[in-house]
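Below is one structure, written out as structure tokens; the observations come after it.
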Amino acid sequence: MTLNALLKIGLLAAIGCLAMVQAAVATPASMSLAGNASPPIGHYEFCKENAADCAYAGGDAGPAILTEDRWKTILKINYTVNSAIQPMTDKEIFGVEERWAYPRTVGDCEDYALLKRKMLIDAGFSPSDVLMTVVLQPNGEGHAVLTVRTDHGDFVLDNMRDKVMLWSDTEYTYLKRESSEDPARWVKLQDGRAVAVGSVRK
Numbered sequence: 004m005t006l007n008a009l010l011k012i013g014l015l016a017a018i019g020c021l022a023m024v025q026a027a028v029a030t031p032a033s034m035s036l037a038g039n040a041s042p043p044i045g046h047y048e049f050c051k052e053n054a055a056d057c058a059y060a061g062g063d064a065g066p067a068i069l070t071e072d073r074w075k076t077i078l079k080i081n082y083t084v085n086s087a088i089q090p091m092t093d094k095e096i097f098g099v100e101e102r103w104a105y106p107r108t109v110g111d112c113e114d115y116a117l118l119k120r121k122m123l124i125d126a127g128f129s130p131s132d133v134l135m136t137v138v139l140q141p142n143g144e145g146h147a148v149l150t151v152r153t154d155h156g157d158f159v160l161d162n163m164r165d166k167v168m169l170w171s172d173t174e175y176t177y178l179k180r181e182s183s184e185d186p187a188r189w190v191k192l193q194d195g196r197a198v199a200v201g202s203v204r205k
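First residue of the sequence shown: 4, per our numbering; consecutive thereafter.
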């Protein structure tokens with residue numbers, strides 16, 4: 004599928020998602036926070052090596068206004084990074100279980116997310132709106148994605164799909180993400196979908 008086709012489909016999908024969000028009040032468009040959390044060790048080490056990328060004096064700028072141009076930028080960057088980087092584990096790349104780093108040609112899930120974050124910031128997004136996020140997959144394995152906060156909800160950029168989705172439409176359990184006030188801090192996430200679907204979470 005070409006990038007132009009993806010952009011058209013993505014824009015239509017976004018409109019559909021937003022309409023469903025407005026119709027289904029029980030499903031929150033934005034994630035709920037539940038207090039402070041410890042940062043992943045990989046992110047802690049990344050910030051020690053890349054201090055400038057984890058320092059932001061601007062505070063929380065509030066959710067980004069999701070214009071058509073910004074949506075196209077989000078889709079383009081997600082597609083570009085997913086296409087350019089080949090998946091490979093930290094063990095295969097660095098010989099260690101966990102290391103967060105900007106990828107060149109290969110990378111683990113968090114490396115994709117780091118590069119997308121950097122590219123979105125370079126494109127004009129506030130650091131407070133592009134947040135590294137840790138989730139659980141349905142099989143119980145940990146995974147990292149990038150959350151983009153907007154006035155229409157929190158969207159997820161994932162190395163395992165080119166489609167950009169509202170967090171509440173994904174299959175993941177959301178655990179924690181970077182604080183919108185300080186990129187070096189992390190906050191716990193409360194999955195508000197639990198009430199809507201009648202499920203019980205530990």
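All C-beta atoms, glycine included, are put in the ideal place defined by N, C-alpha and C.
Neighbourhood of residue i by C-beta distance below 7 Å, restricted to the same chain and skipping five residues each side
i, result
"K94", "E100"
"V109", "I88, Q89, M91, I96"
"V24", "Here the model assigns V24 a pLDDT of 42, short of 50, so the residue's position is not dependable and the matter cannot be decided."
Whole-number beta carbon distance between residue j and residue i, since they are thought to touch under 8 Å
i, j, result
"K119", "L139", "K119 to L139, Cβ: 20 Å. No contact."
"T153", "R180", "Actually they do not touch by this definition, with Cβ atoms about 15 Å apart."
"S129", "A64", "4 Å"
"S86", "L134", "Wrong, their Cβ atoms sit about 23 Å apart, outside the cutoff."
Element boundaries [beta strand (DSSP E), containing residue i]
i, result
"D125", "Note, D125: premise wrong, no beta strand (DSSP E); alpha helix (DSSP H) at 112-125."
"L160", "156-161"
"N39", "35-40"
"D185", "Where D185 is concerned, there is no enclosing beta strand (DSSP E), given that its DSSP letter is neither H nor E."
"D194", "From DSSP, D194 is part of no beta strand (DSSP E); its letter is neither H nor E."
"P95", "Residue 95 is actually Glu in this sequence, not Pro. Where E95 is concerned, there is no enclosing beta strand (DSSP E), although the alpha helix (DSSP H) it sits in stretches over 93-97."
"D165", "164-169"
"R152", "145-153"
Nearest-angstrom Cα separation, counted from residue j out to residue i
i, j, result
"T176", "K191", "12 Å"
"N162", "L178", "18 Å"
"I77", "G98", "32 Å"
"V84", "F49", "19 Å"
"L69", "H155", "7 Å"
"M168", "E71", "15 Å"
"D165", "T173", "13 Å"
"A126", "P141", "33 Å"
"Y47", "Y82", "27 Å"
Residue from the options with nearest C-alpha to residue i
i, options, result
"S171", "S183, M163, F158, S182", "F158"
"A67", "D165, P31, P186, V151", "V151"
"C112", "E144, K51, A126, D72", "E144"
"A116", "N39, M34, A147", "A147"
"I124", "N39, R73, P42", "R73"
is_contact[residue i, chain D] using C-beta, thresh 7 Å
i, result
"V138", "In the structure shown, chain D does not exist; there is a single protein chain."
Own chain partners of residue i with C-beta closer than 6 Å, once the 5 adjacent residues on each side are dropped
i, result
"M122", "I80"
"D56", "none"
"A187", "C50, C57"
"S131", "D63, A64, S183"
Contact set for residue i: own chain, Cβ-Cβ below 8 Å, skip 5 residues either direction
i, result
"A37", "V190, K191, L192, Q193"
Limits of the alpha helix (DSSP H) - the one that residue i falls within
i, result
"L78", "71-87"
"G45", "44-52"
The ligand MG heavy atom lying under 6 Å from the CB of residue i
i, result
"G61", "You won't find the ligand MG in this model; it holds no ligand whatsoever."
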